[in-house]
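In order, the protein sequences belong to chains F and W.
In terms of the working numbering, the first sequence has 5 at position 5, counting the first letter as 1, and numbering is strictly consecutive.
In terms of the working numbering, the second sequence has 222 at position 222, counting the first letter as 1, and numbering is strictly consecutive.
We treat Cβ as the ideally placed atom computed from N, Cα and C, and that holds for glycine.
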Amino acid sequence: MLYSPPPMHIPDGFLSVLVSLILWAISIGAIGYALRRVGKDLGERQVPLMGVLAAAIFAGQMLNFSVAGGTSGHLLGATLATILLGPWAAIIIMTTVVGIQALIFQDGGLLALGANIFNMAVVGVSVSYFAYTSIKKIIGEQKWGLLVNGFISAWLSILIASLAAALELAASGTSPANIAVPAMGGIHALIGIGEGLITVGALAFIYAARRDILQIGSTAQTGGAAIWMTGLGIALLLTIFSPLASAHPDGLEWVAEQKGFLDAAQAPLFEVIPDYVFPGVSNESLATILAGMVGALIVFGMAFGTAYARRSQKAS
Amino acid sequence: MHVHFLDPYRHSHSPIHQLDGRVKFVLAVAFILTCSLTPIAAWAVYILLFALILSVEILSTLGVGYVLKRASLALPFVLAALPVIFTTDGAALFTLPLGNWTLTASATGLEHFISIALKSWLSVQAAIVLAAATPFPELLQAMRSVKIPRLLVAMFGLTWRYLFVLVDEALRLIRARAARSGVSASNQKVKEGGGIIWRAHVAGGMAGNLFLRGFERSDRIYTAMLSRGYDGEVRLMPTHALNNGNKFILMTGIALLGTLLLFGILFWG
Numbered sequence: 001m002l003y004s005p006p007p008m009h010i011p012d013g014f015l016s017v018l019v020s021l022i023l024w025a026i027s028i029g030a031i032g033y034a035l036r037r038v039g040k041d042l043g044e045r046q047v048p049l050m051g052v053l054a055a056a057i058f059a060g061q062m063l064n065f066s067v068a069g070g071t072s073g074h075l076l077g078a079t080l081a082t083i084l085l086g087p088w089a090a091i092i093i094m095t096t097v098v099g100i101q102a103l104i105f106q107d108g109g110l111l112a113l114g115a116n117i118f119n120m121a122v123v124g125v126s127v128s129y130f131a132y133t134s135i136k137k138i139i140g141e142q143k144w145g146l147l148v149n150g151f152i153s154a155w156l157s158i159l160i161a162s163l164a165a166a167l168e169l170a171a172s173g174t175s176p177a178n179i180a181v182p183a184m185g186g187i188h189a190l191i192g193i194g195e196g197l198i199t200v201g202a203l204a205f206i207y208a209a210r211r212d213i214l215q216i217g218s219t220a221q222t223g224g225a226a227i228w229m230t231g232l233g234i235a236l237l238l239t240i241f242s243p244l245a246s247a248h249p250d251g252l253e254w255v256a257e258q259k260g261f262l263d264a265a266q267a268p269l270f271e272v273i274p275d276y277v278f279p280g281v282s283n284e285s286l287a288t289i290l291a292g293m294v295g296a297l298i299v300f301g302m303a304f305g306t307a308y309a310r311r312s313q314k315a316s
Numbered sequence: 001m002h003v004h005f006l007d008p009y010r011h012s013h014s015p016i017h018q019l020d021g022r023v024k025f026v027l028a029v030a031f032i033l034t035c036s037l038t039p040i041a042a043w044a045v046y047i048l049l050f051a052l053i054l055s056v057e058i059l060s061t062l063g064v065g066y067v068l069k070r071a072s073l074a075l076p077f078v079l080a081a082l083p084v085i086f087t088t089d090g091a092a093l094f095t096l097p098l099g100n101w102t103l104t105a106s107a108t109g110l111e112h113f114i115s116i117a118l119k120s121w122l123s124v125q126a127a128i129v130l131a132a133a134t135p136f137p138e139l140l141q142a143m144r145s146v147k148i149p150r151l152l153v154a155m156f157g158l159t160w161r162y163l164f165v166l167v168d169e170a171l172r173l174i175r176a177r178a179a180r181s182g183v184s185a186s187n188q189k190v191k192e193g194g195g196i197i198w199r200a201h202v203a204g205g206m207a208g209n210l211f212l213r214g215f216e217r218s219d220r221i222y223t224a225m226l227s228r229g230y231d232g233e234v235r236l237m238p239t240h241a242l243n244n245g246n247k248f249i250l251m252t253g254i255a256l257l258g259t260l261l262l263f264g265i266l267f268w269g
């Protein structure tokens, strides 16, 4: 039984550097704020509590159930963490989980980690919190209300987070919006059902065994209006913007073109060697191929040289 | 504790293992950044980067096969980039009739796709070498040296420490479920018991159970920490300065990656 990566983590190489850096900046801001809030609300218990629960979420992702045809559903945990511990602690917990997955298990890239933290911790948690608190106001806190609420919140958070990932890929020019959005959204609408069902199972168990944990004010801190608004904003923005982007992929191309201003800014750099041609070779593509081949030879030589030096060192 | 398979660290005395964790961390991130910034279709630069990471893999004595096998695990995500072959404008390569649609693959689209796949493949190799050749405490130290908040670093450390305990708990839960479930003696595939909702409910109950065990364990850990003088302040071991050899390798590595990047941007940008 090996650790199987959930499909939502974006590896390195799929996001443009600009998109990666913007999402890193947003994530760092959110984490910094969450750290301050958690310190105030949970006090000195915070480190053991959040650390162990992050490990529990990690381990909980191994618990799967078979769906059909060899596929299986399993937990991602953002909603469960939000319901049990409140949004700020959940952001830190999900950041830790996603961070360890990237750093240790190469599940999701390091440069793309900012984007993955944004999707799982910021979007996942704030949408969960917004959905959970709003629905709770409407249908109350009795058992069936809690379970229905848990299902909808979990499903919605997965779906919205996947839309965020699809738009990030589209904005990076990796995957066109009119394909990425319906594909990612469609797959995750199904994955979200699995997440919803397993969240309901977990809530039902905790409701039976330790009802006191589920009462707001016990461990879970309330997030206040700020994170509720963030969740609402993200959910609205992405549900409205995704179909728009997918119907008019030109819109995103426009963004990509605006992005081109960075390339334009780099233009003077090219002027250093105007109309560069490889010495003695006038055909441009031939020059490119030659340069590539020379480079390849040099560095494969380097690699074999290292291997050889290593071997002779061992032998002596 | 039974779950050693989780820890990707492979012990060895190779030069890469002996390198300071902070140097490896920064160079791995710099390598990934270089891969991401390298322009599309700068094949020569990709080959140079590959040769570079290949040399590191050989030096690390991890086994090139081991790294490449692990690197292939990240490849399924390439599917997400597949449509780019057909949606990018450029010289038509081939057409693919698909029901009412005709998909036209373009040469630029193909270049795009292969570039993305290569970048991702190269990046993940750097991350694998980093994780396999650096003990986790050194990674934590590296995180601190790049100014990640102390509280977050402490969280990473604690999560890592208890990960194995809780994965053991999860494995016990899974074993208990397997012990209570029927399996066909012949290797035939039998229909799973119960409905999907029932099975999900069982798995959910296990997750809830795991959470409660985590909750209760964190209480015990907290009292244990208190009894050892914990006062809410996170204290970590002081870090020592980099020695000259490590500094030299750090500078050389960054200079090399910078040169490769410049090379790529000048010729293919």
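- The Cβ of threonine 259(W) sits no closer than 8 Å to any Cβ of chain F.
- If you ignore the 5 residues before and after glycine 108(F), its C-beta comes within less than 7 Å of the C-beta of His9, Ile10, Pro11, Val98, Gln101, Ala102, Asn116, all in its own chain and listed in chain order.
- Interface annotation, isoleucine 179(F): in contact with chain W, CB-CB separation under 8 Å.
- Taking the beta carbon of threonine 34(W) as reference, no residue of chain F falls within 7 Å; the closest one sits roughly 10 Å away.
- Within chain W, Ala80, Ala81, Val84, Ile116 have C-beta atoms less than 8 Å from the C-beta of threonine 174(F), given in sequence order.
- Ile83(F) is the residue among Ile91(F), Ile234(F), Ile83(F) whose C-alpha sits nearest the C-alpha of phenylalanine 151(F).
- Bridge partners of asparagine 244(W) according to DSSP: none are assigned.
- For asparagine 64(F), no alpha helix (DSSP H) encloses it; the enclosing beta strand (DSSP E) starts and ends at 64–66.
- By the Cβ-count criterion, tryptophan 43(W) is buried, with 16 or more other Cβ atoms from all chains shown falling within 10 Å of its own Cβ.
- Of Trp160(W), Arg199(W), Leu166(W), the smallest CA-CA separation from alanine 178(W) is found for Arg199(W).
- The Cβ neighbour count for histidine 201(W), taken over all protein chains shown within 10 Å, is at least 16; the residue is labelled buried.
- Chain F places no beta carbon closer than 8 Å to that of alanine 91(W), leaving this residue out of the contacts.
- The three-state secondary structure of leucine 62(W), taken from DSSP, is coil.
- Contact between glycine 21(W) and alanine 142(W) is confirmed by a C-beta separation of about 5 Å, below the 8 Å threshold.
- A direct Cα-to-Cα measurement between valine 146(W) and glycine 32(F) gives close to 15 Å.
- Residue contact check for glutamine 106(F) against chain W: a CB pair falls below 8 Å.
- Annotation: isoleucine 148(W) to proline 83(W) spans about 37 Å, alpha carbon to alpha carbon.
- In this model, leucine 197(F) and glutamine 61(F) are separated by some 14 Å (Cα to Cα).
- For the pair threonine 95(W) and threonine 104(W), the CB atoms are nearer than the 8 Å cut-off.
- Assignment of beta strand (DSSP E) within the segment 183–239 of chain W, counting only whole runs of 3 or more residues, yields no such run.
- In the DSSP assignment, phenylalanine 130(F) falls within the unbroken alpha helix (DSSP H) covering 124–139.
- Under the three-state reduction of DSSP, histidine 17(W) is assigned to helix.
- Chain-ordered, the chain F residues with CB closer than 9 Å to the CB of proline 8(W) read Ile104, Phe105, Gln106.
- Rounded to the nearest whole angstrom, the CA to CA distance from glutamate 141(F) to alanine 208(F) is 14 Å.
- Among the CB atoms of chain F, none fall inside 8 Å of the CB of phenylalanine 248(W).
- Here the alpha carbon of phenylalanine 267(W) sits roughly 10 Å from the alpha carbon of leucine 261(W).
- Residue contact check for histidine 201(W) against chain F: a CB pair falls below 8 Å.
- Serine 172(F) is positioned such that its CB atom lies closer than 8 Å to that of leucine 15(F).
- The count of Cβ pairs closer than 8 Å, one atom from the segment 249–264 of chain W and one from the segment 27–45 of chain W, reaches three, so the stretches are in contact.
- Here the segment 185–195 of chain F does not lie against the segment 127–137 of chain W, with fewer than 3 beta-carbon pairs under 8 Å apart.
- Closest in C-alpha terms to leucine 6(W), from the list Gly182(W), Val167(W), Thr239(W), comes Val167(W).
- In this structure the segment 20–36 of chain F touches the segment 119–131 of chain F; the number of beta carbon pairs closer than 8 Å is three or more.
- Setting aside the 5 residues that flank it on each side, alanine 235(F) is surrounded in the same chain by Val127, Phe130, Ala131, Leu156, Ile160, each with a C-beta closer than 8 Å to its C-beta; the list follows chain order.
- The contact set of methionine 229(F) on chain W, defined by CB atoms closer than 9 Å, is empty, because the minimum CB distance reaches about 25 Å.
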